Each structure stands twice: as C-alpha cells, then as structure tokens.
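A.B. asks:
2 protein chains.
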Amino acid sequence: MSEAVRIVDADVHNTYASANELLPYLPEPHKSRMADGGIGYPGSGYYSVVGVLRRDAIPPKGGPAGSDPDTIRTQLLDAYGIDYAVLTGGGILGVSNLTDPDYACAIASAYNDWLIDRWLPLDPRFRGALVVSTTDPEQAAREIDRVGPHPQMVEVLMGSGQPRLLGQRYFHPIYEAAERNNLPVAIHPGTEGAGIANPPTPAGYPTNYIGWHTCLSLNFAAHIVSLVCDGVFSKYPNLKFLCVEGGVSWLAPLMWRLDKNYKALRSDTPWLTRMPSEYIKDHVRLTTQPIEEPEDPRDLLRMFEIIEAERTLLYSSDYPHWDFDHPHTAFPPGMSAQLKRRVMAENAIELYGLPATRPNVKPAAARVNGSRADGSVAVASGKAPDPGE
Amino acid sequence: MSEAVRIVDADVHNTYASANELLPYLPEPHKSRMADGGIGYPGSGYYSVVGVLRRDAIPPKGGPAGSDPDTIRTQLLDAYGIDYAVLTGGGILGVSNLTDPDYACAIASAYNDWLIDRWLPLDPRFRGALVVSTTDPEQAAREIDRVGPHPQMVEVLMGSGQPRLLGQRYFHPIYEAAERNNLPVAIHPGTEGAGIANPPTPAGYPTNYIGWHTCLSLNFAAHIVSLVCDGVFSKYPNLKFLCVEGGVSWLAPLMWRLDKNYKALRSDTPWLTRMPSEYIKDHVRLTTQPIEEPEDPRDLLRMFEIIEAERTLLYSSDYPHWDFDHPHTAFPPGMSAQLKRRVMAENAIELYGLPATRPNVKPAAARVNGSRADGSVAVASGKAPDPGE
C-alpha cells in the first residue's frame, strides 16, 4: 500500500445541506443575525440557464450537489481514482463581499470549524481550504494562525471578487500569516460584481452570464500583475499563490506584455530584481479547470510549455459544477507521461505538502451510505485508471 | 507613380501646440468655459518616469511632440516610407470621461473641425480619425454624420476607458451611424480610470504606471466579449471594430475561452448563429503596437496564425509615444512576404478604403519647413526601404 498518488483534485466544492449547519459555530450577535436573516451574501445577479451545479450530482438522499460526503466519494473520488481532494466550499467566498467585517470574519470562522468538524474526519482523501474574509486582513491573519495548523488544512482561500487588487498593501497581513503557516494563498472566482467587490470588468458589468464568466480570467490577470508589481513576492519570498478556476492560457501573453513593459518601466518597481515572468513561474500556480480548448490542441501544449506547467499547473475537476473537467479526457493528446504526473499529482503534492503515497481508503461498500442510488459500488483503493488513459 | 502602398500607420498621435487652438471652433458657452478653465479633462493620476512622449520627437521649433506636421512628416513618414498615416490625436479621448455631455461633444466637434482645417490639407498621406464623445451617443451619431463624409476621415475614434462595456445598447446609435457612413469604429486606451470611466481593472486601480499599462489589454478583452455577446455584430453586419494600441496576443486565449463557453451557454446569446471567434475574425481588427515580444518569436507568429492576422492585423507605430514600434524591426523574423504586405498595408487599405497606390508627395526639401533641425533631408517619394527588410 505505498502506491504513488495518482490524482489530486485541487477544486472540489463541498457545501452544507443548509447554511443553518453553521449556527452552532457562530458566536453572538452573529448567530442571531444569521438565524434571523440567513447568511445574507450580496449577489451579483447573473443567471445561467444551464445552472451552476451538475444535476446528476444531487445526492440520492436529496440536498444540494456537494452537500453529501458520500456522493462526493463515490461519484468523484472513487470513480476517477482521486487520492486527495481539496474541499473549497460552496458559496462561502461571499464572506469577502459583505460590508460588516466582524460578521464576515465570524461566518468564515464558523465555516472553517464546520469543515474541520463535519468533513475532514470523514475520509483520508479530504483536505481543507481555510476560508478567510478579506474585509479585515488582521482578523483574517488571526484566523490563519488559528486553524492553519490543522493537519488537513492545505491552503488559505479567498474570493477573487475584490474592491482592490490583491497585491496592494491592504492584504499583506494575510500573506504574512500564510507564509508563517507555510500555506499557499488561493483565489477562486464567483463573487465578481457582488456586494463590495468591484464591477467584474474594467468597463462595468457584463450583460449576461456568458460575458461575466468569460471575463473572470481578466480579474485573475489583474491580480497577478498587482501581486508582482506591488512586490508581494519580493516581500514574502516563500509565498505561493494559487489561481483556482480562472483559466490558464491567458498567462502566457500576459507574461510577454508584463516583461516587455518591465524592461522600460522597471523604475516603478525597484523591489523586483528579475523579470516579472520569473516571479510568476516561481510563485504562481494555476488549477486546470476550466481548461481552454483551442481548435489545435498543440496550442494548449505550447501554452503549457511557456508557463512551465511542469511546475505551475495543478489538476482540478471543479466538481460538482456545470463545467466539470474529467481527469482522463479534459486534456489534449501529446502530454508527456512526466508532464501528466506533474499536473495530475506531483505539483499539488509539493504545493500542499501532501504525502506522496495514496491514503488507505475503505472500499465504498464498507462505508456508511457507501452504495450509489443506482446500486453500483466503486472501489477506491484498487487499481484506478491511469490519468493519461 | 502607381507604386503599391508600402506602409500604412494606423496610429500616429498629432496634437495641438496649445489646446487654445480649439477655441475658434467652439460655440458659446463652451468657448468661454474652455478659455477660462482649459479643457479640464479629468486625469487618472498615473505617472511614468520615462514619459509618455519620445523626447527626440519634440519639434525643432518647440512645442509638444506631435504638434508640428513637418516633424511628423520628416521624422516618421519620410524616414520610414509610410504612405498613409491615421492621425489619432493627443489626449482628445478624454472627451468621453467628462461629466457634461454637451461640453464634451462640443470639444470633440471642435477637435474634428481643427483636424480638418489645420492638418488634413497639409499632406496627402494624412488621414483623420473622427473623434466622438460617448457621453451622448445620439450627439456622437450626429457628429459622425456631420464629418464622416469628409474624404480623408477614415474611422470613428473613441476612448476605451468607459463606464460601460462597449457592446451594450447605450452605444448602439454610434455603431448605427458608423455603419451608415461606412466607417470602422476604433478604440484607443489611455483614459482608463479617469473621470467617469470605470476603475482600470476588475479589482480597482493599479498602484503604478506599469500595472496600469499592462492591464489596458484586459479592458480591450472585456469590450470584445461584450461586442460579440451583446450582439453588436449581429445587429450591424457591416460594422468593423478596430482595437488600437491594446496589444494582440491576448485575443487567441480569449477566443478559446469564449468559444468553449458559447458551446454550453449559447442560450444567453440567441442572436449569435456562429462561434464567437468567427464574429471576432470577421469584424474585429487590431493594430500591432505595442506588439508582444515572447522569448521565442515563433510564439508570436503562431498567435498571428490563430487570430488570422492576414485579415485582422494592421501595423501601427504609435509615434511619438515612448513605446514606438519601428516598422522594419518590431516584428519577428519568419513572417511571409504575403503576411507582411497584409499587415503593413493591405488590411489597412481595405479597412479604411484607402487608395492602393502611393500618394504623390513633394520631396521634403520643397516643403515649407521641409528640413530637419540637423539639416538632413528625407525624400518620401523615392524608393523607400521594404517593410520586411
């Protein structure tokens, strides 16, 4: 049982069946507020007719997709041979879009306690993303110190929808705490345009979901430029920053443009001693989903080469979201076995400090609720399909 | 004298020596306002230590770079064998960032009259960009009808710094007028974050000039997504849209992401009957400067292939700005002679409806002020260097 890890999934959306599950973890007065009015996240108002969640991921016993650990285990982890999965929550990132930082930070803490209590003990494959609200970076830093040492917590997670660029000094206490706890900082989209976040583009609000979703990458690009140019990676040399669900291929032309500008404008950024793209490749990591699908798949392979995917790219499925990427079919033909190993597992093992060997997982049939609604049973600890197949 | 056009420069920044040159073209009360307070454009507050204008482009007789037609003729057109140059103004795009639409539209009209009066008659190589203020699209449409028929006016130009995405219905009267006058609509950056424009990124204001300048492409990307998804090219099937000075290579991954999303989310955009990238390649054109400079120049050539540069890309120098691109050295080796002809001249000839042959230009020595400060004389109508050399 010391087989090498096959697949790490860097973005799996678990959630509560009801937000009321957080109530026992909330202190007053926040508990009464939430009990009375719900969490009360501001929305961005975008609607997709295809839905945000896979309809086939609704648990057999009911509740929202992602709310039943057993369905995640059988439908995702067992079925695809995923050895570790980072649980990134469902909707919780709205804690950075609220006006009241005390309430927002209390919700984030309650979520982290709920995650530690209700999910992480259930399966040795589960890993946790520690959620912070950026509305009060000092409180966020204390939250990182509080729950960051938990052995299954592998990253600090915050929404990319922000009123400020993430490189700016306002956010630095979060990076200092993350570096101190040896945790990467991850951002995830979905809150762009909601509450105190900025409009989702440099010219306001897209009209519809397709425009909003397509432009999410632009926000990631702006944050990366800011992280480099505001000197975050110079100030926190051990910090790693993970872009989750923001796309991949935009990074190559962004590095070209930023490096070219740096040659002329480097006096703006005296804290940089190397080309901006060097900082990006050393400090920034990206998850694969939603991976771009150029007409000629060799173009994607070339993008992988340019961004040095063998050290920067981590597989993610985004389960149970509508645009789920299957680990065995989402990628173009022509990836070397070495590159596949790096993307599917090794980059994540290094970033998160995961064991290099597969965990010991009970067969699904031996677990409580281990069987699927259709009666099928998947076995996780057996031979899983090769990611490249 | 029926030699084929060699180079068309799609972005040359002329300007007034003093904004007071516009006063004779302004009606009251706008004339008194400007005489008293200057044009009064709101600024974005970004500063670059290298400056925005080439110091060697200051005219021998003084005044700002770009303010002397003769310097533009000798230092740019004669020196590089440029046969047609689109004059895009200097700073005039701030007319879309003012709060008062009547004043803003009056300034735009005065600028257009000044351009027609003071510049276009001077040289057969000069072509004009008709500037509109987007603060009142109906007035902008009337301005297009008023000056669009001038034989040397070749495009409608507006700032990309906007409070709204350019595909949205608010702007449609401008597109209708442009299509009616058979003129492409061009956008140009520089006003991002100023006045009524949105902050320059989806997460607010970059800290410094390098961050602001690098992120200008993101705004262009957002506008292109909007133009396609809001149906502008379905509604105005003969409209062409030109992205000036916004970069080039970002378009390829943007098309991949948008096409992929369209496959799932096409019900958001029932007016589209083809893939979004098809609309982009049919309707969107880009100028080259500032061209990306990847470490391996073949990556730029591949970007050219993907965006179908042989029909979408137009050379521009951005003279006299700091990041000027030399027509003979800015491009990577390996471009075919055919692609060079398309980019350096033919795409512009088709877009602007220019003559296919070089204009008859007086030798510099025969012109008033035809000699350079250093005594050198360039001859424009002789054999110019081949753009590919």
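Sequence lines, in order, name chains A and B.
Heads up: the first sequence runs through residues 36 to 424, numbered per my numbering.
Heads up: the second sequence runs through residues 36 to 424, numbered per my numbering.
Glycine included, C-beta positions come from ideal geometry on N, C-alpha and C.
Being a predicted model, the structure only gives us computed values, none of them experimental.
Assuming ARG215 of chain A and LEU277 of chain A are in contact, meaning their beta carbons sit under 8 Å apart, how far apart are those beta carbons, in whole angstroms?
C.D. replies: Going by Cβ atoms, the distance from ARG215 of chain A to LEU277 of chain A rounds to 17 Å, so no, they are not a contact pair.
A.B. asks: With which residues is GLY194 of chain B paired in a DSSP beta bridge?
C.D. replies: Looking at the DSSP assignment, GLY194 of chain B forms a beta bridge with B:HIS223.
A.B. asks: For chain B, check one thing: does any of its Cβ atoms lie closer than 8 Å to the Cβ of SER83 of chain A?
C.D. replies: Yes - at least one Cβ of chain B is within 8 Å of the one on SER83 of chain A.
A.B. asks: Hey, VAL121 of chain B and ASP71 of chain B: beta-carbon distance below 8 Å or not?
C.D. replies: Not closer than 8 Å, so no.
A.B. asks: Using the C-alpha atoms, what's the distance from ALA175 of chain A back to ARG181 of chain A?
C.D. replies: Cα to Cα, the separation comes out at about 10 Å.
A.B. asks: Answer yes or no: do PRO159 of chain A and ASN395 of chain A have a C-beta to C-beta separation smaller than 8 Å?
C.D. replies: Cβ atoms of PRO159 of chain A and ASN395 of chain A: closer than 8 Å.
A.B. asks: Quick one: does TYR350 of chain A have its CB under 8 Å from some CB of chain B?
C.D. replies: It does not; no Cβ of chain B falls within 8 Å.
A.B. asks: Kindly give me the distance between the Cβ atoms of VAL378 of chain A and TYR350 of chain A, rounded to whole angstroms, as I take these residues to be in contact under 8 Å.
C.D. replies: Contact flag correct, Cβ pair sits at about 5 Å.
A.B. asks: Going by CA-CA distance only, name the one from B:TYR244, B:GLU178, B:ALA221 that's closest to SER195 of chain B.
C.D. replies: Nearest option by C-alpha distance: B:ALA221.
A.B. asks: Give a yes or no on whether the minimum CB-CB distance between ARG41 of chain A and chain B is below 8 Å.
C.D. replies: Not one chain B Cβ lies under 8 Å of ARG41 of chain A.
A.B. asks: DSSP state of ARG177 of chain B, grouped into three classes?
C.D. replies: Three-state DSSP puts ARG177 of chain B in a helix.
A.B. asks: Applying the criterion that 16 or more other CB atoms from any shown protein chain within 10 Å of the CB defines a buried residue, is TRP3 of chain B buried or exposed?
C.D. replies: Because chain B in this structure spans residues 36 to 424, residue 3 of chain B falls outside the shown range and cannot be described.
A.B. asks: I'd like to know whether the C-beta of THR109 of chain B is nearer than 8 Å to at least one C-beta of chain E.
C.D. replies: Chain labels in this structure do not include chain E; the protein chains are A and B.
A.B. asks: For HIS207 of chain B, decide whether its Cβ has a neighbour in chain A, counting only Cβ atoms nearer than 8 Å.
C.D. replies: No, no contact with chain A.
A.B. asks: Hey, out of B:SER102, B:HIS223, B:PRO198, whose CA is closest to GLY230 of chain B's CA?
C.D. replies: With distances taken between Cα atoms, GLY230 of chain B lies closest to B:PRO198.
A.B. asks: Kindly provide the ranges of any alpha helix (DSSP H) runs that are 4 or more residues long and lie completely inside the stretch 294 to 329 of chain B, ordered along the chain.
C.D. replies: Runs of the alpha helix (DSSP H) inside the stretch 294 to 329 of chain B: 311 to 318.
A.B. asks: If we cut at 8 Å on Cβ distances, does TRP306 of chain B have a partner in chain A?
C.D. replies: It does not: the Cβ of TRP306 of chain B has no partner Cβ on chain A nearer than 8 Å.
A.B. asks: What residues from the stretch 260 to 289 of chain B come within 9 Å of chain A, judged by C-beta to C-beta, listed N to C?
C.D. replies: Residues passing the 9 Å Cβ filter: VAL260, SER261, VAL263, CYS264, ASP265, GLY282, VAL283, SER284, TRP285, LEU286, ALA287, PRO288, LEU289.
A.B. asks: Tell whether a beta-carbon distance below 8 Å holds between ILE315 of chain B and ALA365 of chain B.
C.D. replies: Contact: no.
A.B. asks: Does LEU157 of chain A come out as helix, strand or coil in the three-state DSSP assignment?
C.D. replies: Three-state result, LEU157 of chain A: helix.
A.B. asks: When the Cα of ARG292 of chain A is compared with those of A:ALA141, A:LEU155, A:SER312, A:GLY282, which residue comes out closest?
C.D. replies: Of the candidates A:ALA141, A:LEU155, A:SER312, A:GLY282, the one whose C-alpha sits nearest the C-alpha of ARG292 of chain A is A:SER312.
A.B. asks: Is it the case that the Cβ atoms of PRO224 of chain B and GLU280 of chain B are separated by a distance below 8 Å?
C.D. replies: Yes, they are a contact pair.
A.B. asks: Would you verify that the beta carbon of GLN197 of chain B is, or is not, closer than 8 Å to some beta carbon of chain A?
C.D. replies: Yes, GLN197 of chain B lies at the interface with chain A (some Cβ there is under 8 Å from its Cβ).
A.B. asks: Please report whether the beta-carbon of ALA176 of chain A lies at a distance below 8 Å from any beta-carbon of chain B.
C.D. replies: It does not; no Cβ of chain B falls within 8 Å.
A.B. asks: Ordered along the chain, which non-local residues of its own chain (more than five positions away) have a Cβ less than 6 Å from that of THR236 of chain B?
C.D. replies: Taken in chain order, the residues that qualify are CYS250.
A.B. asks: Suppose you measure from the CA of THR50 of chain A to the CA of LEU58 of chain A; what does that come to, to the nearest Å?
C.D. replies: Cα-Cα distance, rounded: 14 Å.
A.B. asks: Measure the C-alpha to C-alpha separation of MET338 of chain B and HIS65 of chain A and round it to an integer number of angstroms.
C.D. replies: If you take the alpha carbons of MET338 of chain B and HIS65 of chain A, they lie about 52 Å apart.
A.B. asks: Consult DSSP for CYS278 of chain A and reduce its assignment to one of helix, strand or coil.
C.D. replies: Correct three-state label for CYS278 of chain A: strand.
A.B. asks: According to DSSP, is ALA232 of chain A helix, strand or coil?
C.D. replies: Reduced to three states, the DSSP call for ALA232 of chain A is coil.
A.B. asks: Would you mind telling me which residues of chain A sit closer than 7 Å to SER302 of chain B, beta carbon to beta carbon, in chain order?
C.D. replies: Near SER302 of chain B (Cβ distances below 7 Å), the residues of chain A are VAL84.
A.B. asks: Figure out for me which residue from A:LEU253, A:PHE161, A:TYR82, A:ARG333 has the closest Cα to the Cα of LEU111 of chain A.
C.D. replies: Measuring from the Cα of LEU111 of chain A, the nearest candidate turns out to be A:PHE161.
A.B. asks: Confirm, please, whether the CB-CB distance from ALA54 of chain B to GLY98 of chain B is below 8 Å.
C.D. replies: No, Cβ-Cβ distance for GLY98 of chain B and ALA54 of chain B is not below 8 Å.
A.B. asks: What does SER252 of chain B reach in chain A if we use C-beta pairs closer than 7 Å?
C.D. replies: The answer, in chain order, is ARG292.
A.B. asks: Keeping to the same chain, check which residues put their C-beta closer than 8 Å to that of LYS270 of chain A; ignore five residues upstream and five downstream.
C.D. replies: Result list for LYS270 of chain A: HIS207, TYR210, TRP306, in chain order.
A.B. asks: Can you list, in chain order, the residues of the stretch 201 to 232 of chain B whose Cβ is nearer than 8 Å to any Cβ on chain A?
C.D. replies: Residues passing the 8 Å Cβ filter: LEU201, GLY202, GLN203, GLU227, ALA232.
A.B. asks: May I ask which residues mark the beginning and end of the alpha helix (DSSP H) holding VAL263 of chain B?
C.D. replies: Its alpha helix (DSSP H) spans residues 251 to 264.
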